Amino acid sequence: MTTPIKLLLIYVTETDLWEQTPLYEAIIRRLRQMGVAGATAQHGIMGFGSHMKVHHKRLFGVSDDKPVIITVVDGEAKLREVLPEIRGMVHEGLVVLLDAELVPAIPAD
112 MTTPIKLLLI YVTETDLWEQ TPLYEAIIRR LRQMGVAGAT AQHGIMGFGS
162 HMKVHHKRLF GVSDDKPVII TVVDGEAKLR EVLPEIRGMV HEGLVVLLDA
212 ELVPAIPAD
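Positions 112 to 220 (our numbering) are the ones given, in order, by the sequence shown.
Here it is, written out as structure tokens:
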């Protein structure tokens with residue numbers, strides 16, 4: 112049996128800001144300061160949210176509002192500790208906390 116963990120998914124857009132910094136960058140930096148085990152920000156290819164506006168690449172691959180997904184992995188206690196701060200940073204977006212299972216890597220021979 113492997114260690115139970117939690118997976119925190121944060122959905123924002125590339126144009127969302129925290130002060131003068133992109134929101135996804137501010138969230139990643141804050142999570143690191145708070146000692147979270149790991150986090151990754153990824154661009155979405157296409158999506159829509161509560162406003163029903165479809166976000167995707169436009170002519171020549173340019174989009175003014177690409178979706179960004181931040182994936183955070185840690186134990187439940189740590190993620191519940193950081194949640195209030197993250198929720199305070201995400202004004203328009205979605206925050207989801209899921210159960211997950213850590214699958215250890217197979218050692219190389």
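Note that CB positions come from ideal geometry on N, CA and C, so glycine has one too. Predicted model only: the values in this text are computed from it and were never measured.
- Using a 10 angstroms sphere on the CB of residue 124, the tally of other CB atoms reaches 16 or more, which defines it as buried.
- If you check the CB distance, residue 193 and residue 147 come in under 8 Å.
- Secondary-structure assignment with DSSP links residue 122 through a beta bridge to 180, 205.
- The residue from 176, 117, 128 with its alpha-carbon nearest to that of residue 150 is 117.
- Residue 128 is bridged by DSSP to 133.
- Residue pairing by DSSP places residue 152 opposite 181 in a beta bridge.
- For residue 199, the enclosing alpha helix (DSSP H) has its first and last residue at 187-200.
- DSSP lists no bridge partner for residue 220.
- Counting of Cβ neighbours within 10 angstroms places residue 164 among the exposed residues, the total staying below 16.
- About 6 Å separates the Cβ atoms of residue 155 and residue 177, confirming a contact at the 8 Å cut-off.
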